[in-house]
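**Student:**
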Amino acid sequence: MSQDLDAYWMPFTANRQFKKSPRLVAKADGMHFWTPEGREVLDGIAGLWCVNAGHNRPKIVEAIQRQAAELDFAPPFNMAHPKAFELAARLAAIAPAGLDKVFYTNSGSESVDTALKIALAYHRVRGEGSRTRLIGRERGYHGVNFGGISVGGMVANRKMFGHLLAGVDHLRHTHDPRNAYSVGQPAHGAELADDLERLVALHDASTIAAVIVEPVAGSTGVLLPPVGYLQRLREICDRHGILLIFDEVITGFGRTGAPFAAQRFGVTPDLMTVAKGLTNGCVPMGAVFAKRAIHDTFMQGPEHLIEFFHGYTYSGHPLACAAALGTLDTYADEGLLTRGAEMEGYFAEALHGLKGLPHVIDIRNVGLVGGIELQPLEGQPSQRAFRIFLDCWERGVLIRTTGDTIALSPPLIIGRAHIDRIVGTIADALRRHA
Ligand code: PLP
Numbered sequence: 004m005s006q007d008l009d010a011y012w013m014p015f016t017a018n019r020q021f022k023k024s025p026r027l028v029a030k031a032d033g034m035h036f037w038t039p040e041g042r043e044v045l046d047g048i049a050g051l052w053c054v055n056a057g058h059n060r061p062k063i064v065e066a067i068q069r070q071a072a073e074l075d076f077a078p079p080f081n082m083a084h085p086k087a088f089e090l091a092a093r094l095a096a097i098a099p100a101g102l103d104k105v106f107y108t109n110s111g112s113e114s115v116d117t118a119l120k121i122a123l124a125y126h127r128v129r130g131e132g133s134r135t136r137l138i139g140r141e142r143g144y145h146g147v148n149f150g151g152i153s154v155g156g157m158v159a160n161r162k163m164f165g166h167l168l169a170g171v172d173h174l175r176h177t178h179d180p181r182n183a184y185s186v187g188q189p190a191h192g193a194e195l196a197d198d199l200e201r202l203v204a205l206h207d208a209s210t211i212a213a214v215i216v217e218p219v220a221g222s223t224g225v226l227l228p229p230v231g232y233l234q235r236l237r238e239i240c241d242r243h244g245i246l247l248i249f250d251e252v253i254t255g256f257g258r259t260g261a262p263f264a265a266q267r268f269g270v271t272p273d274l275m276t277v278a279k280g281l282t283n284g285c286v287p288m289g290a291v292f293a294k295r296a297i298h299d300t301f302m303q304g305p306e307h308l309i310e311f312f313h314g315y316t317y318s319g320h321p322l323a324c325a326a327a328l329g330t331l332d333t334y335a336d337e338g339l340l341t342r343g344a345e346m347e348g349y350f351a352e353a354l355h356g357l358k359g360l361p362h363v364i365d366i367r368n369v370g371l372v373g374g375i376e377l378q379p380l381e382g383q384p385s386q387r388a389f390r391i392f393l394d395c396w397e398r399g400v401l402i403r404t405t406g407d408t409i410a411l412s413p414p415l416i417i418g419r420a421h422i423d424r425i426v427g428t429i430a431d432a433l434r435r436h437a
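FYI, the numbering for the sequence shown is 4 to 437, going by the numbering used here.
1. Using DSSP bridges, identify the partner residues of GLY33.
2. The alpha helix (DSSP H) that contains PHE88, what's its start and end?
3. When we look at the beta-carbon of ASP336 and count the other beta-carbons within 10 Å, is it buried (16 or more) or exposed?
4. Where does PHE106 sit, in a helix, a strand or coil, going by DSSP?
5. Buried or exposed, going by whether 16 or more other CB atoms sit within 10 Å of the CB of GLN70?
6. Can you tell me whether GLY170 sits near the ligand PLP, meaning its C-beta is under 7 Å from at least one heavy atom of the ligand?
7. Can you tell which of HIS166, TRP37, ASP250, ARG390 has its C-alpha closest to the C-alpha of SER110?
8. Would the C-beta of ASP116 count as close to the ligand PLP, meaning under 7 Å from any of its heavy atoms?
9. May I have the straight-line CA-CA distance separating ARG424 from GLY374, to the nearest angstrom?
10. Taking the alpha-carbon positions, what's the ALA72 to ALA327 distance?
11. Looking at ILE366 and TYR184, is the spacing between their C-beta atoms short of 8 Å?
12. Just to confirm, are ARG434 and LEU360 a CB contact at a threshold of 8 Å?
13. Give the single residue among LEU233, SER318, THR271 whose Cα lies nearest to the Cα of ASP198.
14. Of the choices ALA190, LEU174, GLY224, whose alpha-carbon is the least far from that of GLU200?
15. By Cβ distance, which residues of its chain are closer than 6 Å to SER153, with the 5 residues on each side in sequence left out?
16. Ignoring anything shorter than 4 residues or poking outside the stretch 168-209, list the alpha helix (DSSP H) runs there in chain order.
17. Just to confirm the assignment: which complete alpha helix (DSSP H) runs, minimum length 4, are found wholly within the stretch 106-163?
18. In terms of residues, what are the limits of the alpha helix (DSSP H) holding ASP9?
19. Going straight from the alpha carbon of PHE149 to that of GLY165, what length do you get?
20. Would DSSP call ASP365 helix, strand or coil?
21. Could you work out which residue in TYR144, ALA83, LEU102, LYS86 is closest to ALA274 when comparing CA atoms only?
22. Work out the CA separation of VAL277 and ALA96 for me, nearest whole Å.
23. When the Cα of GLY221 is compared with those of PRO272, GLY156, ALA208, which residue comes out closest?
24. Confirm, please, whether the CB-CB distance from PHE106 to VAL291 is below 8 Å.
25. Looking at the secondary structure, which residues open and close the beta strand (DSSP E) in which ALA293 lies?
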């Protein structure tokens with residue numbers, strides 16, 4: 004490799020290891036990437052849970068190209084451009100009922116911090132300013148900004164960064180070995196939602212603003228909500244006037260077989276964060292959906308005053324809005340927001356066929372999300388799964404590993420032959436590394 008790799012400090016990467024043996028992609032189309040040398044690699048993870056419609060989709064590419072030539076930027080504060088409104092209306096139309104106000108950000112992390120700020124400000128605006136406590140969950144991932152790592156529950160993402168936000172507490176995570184090899188939602192653990200009652204008893208509801216959870220936790224190894232868990236969390240939040248935030252950065256836009264996991268699991272949050280699949284990963288963009296009543300609570304006082312002191316230079320960027328509109332068109336044309344439900348059975352059967360292969364200790368699935376958990380190598384957590392990742396990469400299949408779990412989240416355009424190839428390649432790798 005003649006390219007100078009020195010200057011780029013790579014994110015969430017073992018930089019020195021990577022630069023000794025780099026993995027680069029230079030082109031993508033449909034279900035595939037190509038390396039600079041022209042080697043084809045099947046994408047088993049939709050880039051990074053974001054390219055839900057597959058790569059290089061014409062409507063999205065053309066929308067971005069047209070937009071760049073027509074309006075490159077529009078200031079978002081006290082100004083706007085038409086596509087920002089058009090997109091918000093289109094998003095509200097597919098959102099869970101009642102979540103019909105949309106605030107734009109540029110990433111999942113920004114969406115999370117925005118949602119937390121909306122929750123805090125909402126309680127203050129309506130005269131309950133004592134509600135300042137935020138509740139997250141162990142093994143949660145909510146991006147890397149200070150709000151997100153505070154409510155998040157991954158020690159590696161938290162331990163280096165001081166005291167984080169004050170007044171945060173965490174629910175217990177929902178991973179339970181009794182649920183090993185569940186197909187779809189696991190049966191055991193609805194009562195884990197009662198942990199919120201414990202925190203209410205400890206802190207008092209009058210100090211708690213919001214609870215944030217991922218409906219399906221992705222970055223800590225594909226953890227599904229036990230049957231009834233999210234419903235119970237909703238009930239407890241309602242009982243105590245606590246806002247419920249769903250972080251749908253990975254579950255949004257068809258990943259679980261419905262447009263949003265809230266619809267898949269039949270529980271509507273008060274605030275919902277999205278990013279990734281919003282623009283099919285093509286232009287950075289995130290958003291927070293809010294219930295109308297939350298938004299309307301802010302719409303008090305003199306009309307000439309700003310109601311919510313928050314926003315980004317690139318909130319609702321014209322290129323991002325154009326990409327998102329092209330993405331929504333592509334999803335609609337091809338029925339992709341519900342295609343995961345059609346493919347779920349075949350995908351689940353293929354995945355669960357890996358049971359019994361060397362070192363596999365659990366398999367989890369919902370929609371087009373799959374988790375294959377491996378027994379860690381003694382004293383070397385995450386290394387076994389990483390070896391499988393490297394093996395698959397060398398054989399032309401891109402998977403992702405978090406800890407010792409292989410996490411699959413392929414583009415929603417996936418066909419049965421692709422599923423066979425991804426799962427077959429993993430099976431061969433597991434046998435080779437027995
Ligand atoms: N929230 C969840 C649930 C995520 O999975 C992620 C990223 O994977 C984020 C937030 C952060 O998104 P971003 O990397 O766009 O900031």
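Every residue, glycine too, gets a C-beta built ideally from N, C-alpha and C.
**Tutor:** Looking at the coordinates:
1. Here residue 33 refers to the residue found at position 30 when the sequence shown is read from its first residue. The partner list for GLY33 (beta bridge, DSSP) reads HIS58.
2. What you label residue 88 is simply residue 85 of the sequence shown in a count that begins at 1. Per DSSP, PHE88 belongs to the alpha helix (DSSP H) from 85-97.
3. For this step, residue 336 is matched to residue 333 along the sequence shown. The residue is exposed, with fewer than 16 neighbouring Cβ atoms inside 10 Å.
4. On the sequence shown, position 103 is the one that residue 106 refers to. Strand.
5. Position 67 of the sequence shown, counted from the start, is the residue given in the question as residue 70. GLN70 counts as buried, since no fewer than 16 other beta carbons sit within 10 angstroms of its beta carbon.
6. Residue 170 sits at position 167 when you count from the first residue of the sequence shown. No, Cβ of GLY170 sits at least 7 Å from all heavy atoms of the ligand PLP.
7. As a working note, residue 110 is residue 107 in the sequence shown. Among HIS166, TRP37, ASP250, ARG390, the Cα nearest to that of SER110 is on ASP250.
8. Along the sequence shown, one-based indexing puts residue 116 at 113. Not so, every heavy atom of the ligand PLP lies at least 7 Å from the Cβ.
9. Walking along the sequence shown from the start, residue 424 turns up at place 421. Walking along the sequence shown from the start, residue 374 turns up at place 371. In a straight line, the C-alpha of ARG424 is about 16 Å away from that of GLY374.
10. For the purposes of this step, residue 72 is taken as residue 69 along the sequence shown, with counting starting at 1. For the purposes of this step, residue 327 is taken as residue 324 along the sequence shown, with counting starting at 1. The straight-line gap from Cα to Cα measures roughly 17 Å.
11. Translated into the one-based positions of the sequence shown, residue 184 becomes position 181. Translated into the one-based positions of the sequence shown, residue 366 becomes position 363. Cβ distance < 8 Å, so TYR184 and ILE366 count as in contact.
12. Here the question's residue 434 lines up with position 431 in the sequence shown. Here the question's residue 360 lines up with position 357 in the sequence shown. In contact: ARG434 and LEU360 (Cβ atoms closer than 8 Å).
13. Working through the sequence shown from its first residue, we reach residue 198 at position 195. Nearest C-alpha to ASP198: LEU233.
14. Position 197 of the sequence shown, counted from the first residue, corresponds to residue 200. Nearest C-alpha to GLU200: LEU174.
15. Here residue 153 refers to the residue found at position 150 of the sequence shown. Excluding positions up to five away in sequence, the list reads LEU167, LEU168, VAL171.
16. If we require 4 residues or more, the alpha helix (DSSP H) runs fully inside the stretch 168-209 come out as 198-206.
17. 111-128, 149-154, 158-161
18. Your numbering for residue 9 matches position 6 in the sequence shown. According to the DSSP assignment, ASP9 belongs to no alpha helix (DSSP H), since it is labelled neither H nor E.
19. As a working mapping, residue 149 is identified with position 146 in the sequence shown. As a working mapping, residue 165 is identified with position 162 in the sequence shown. One C-alpha to the other measures close to 10 Å.
20. Counting from one through the sequence shown, the residue named residue 365 turns up at place 362. Of the three classes helix, strand and coil, the one that applies to ASP365 here is strand, per DSSP.
21. In the sequence shown, counting from the first residue as 1, residue 274 sits at position 271. According to the sequence shown, residue 274 is Leu rather than Ala. For LEU274, the nearest C-alpha among the options comes from LEU102.
22. As a first step, residue 96 must be located in the sequence shown, where it is residue number 93. As a first step, residue 277 must be located in the sequence shown, where it is residue number 274. Approximately 15 Å between the Cα atoms of the pair.
23. On the sequence shown, position 218 is the one that residue 221 refers to. With distances taken between Cα atoms, GLY221 lies closest to GLY156.
24. Taking the first residue of the sequence shown as position 1, residue 291 is located at position 288. Taking the first residue of the sequence shown as position 1, residue 106 is located at position 103. Against a cut-off of 8 Å, the Cβ pair of PHE106 and VAL291 comes out as a contact.
25. Counted from its first residue, the sequence shown places residue 293 at position 290. Counting along the chain, the beta strand (DSSP E) containing ALA293 begins and ends at 289-293.
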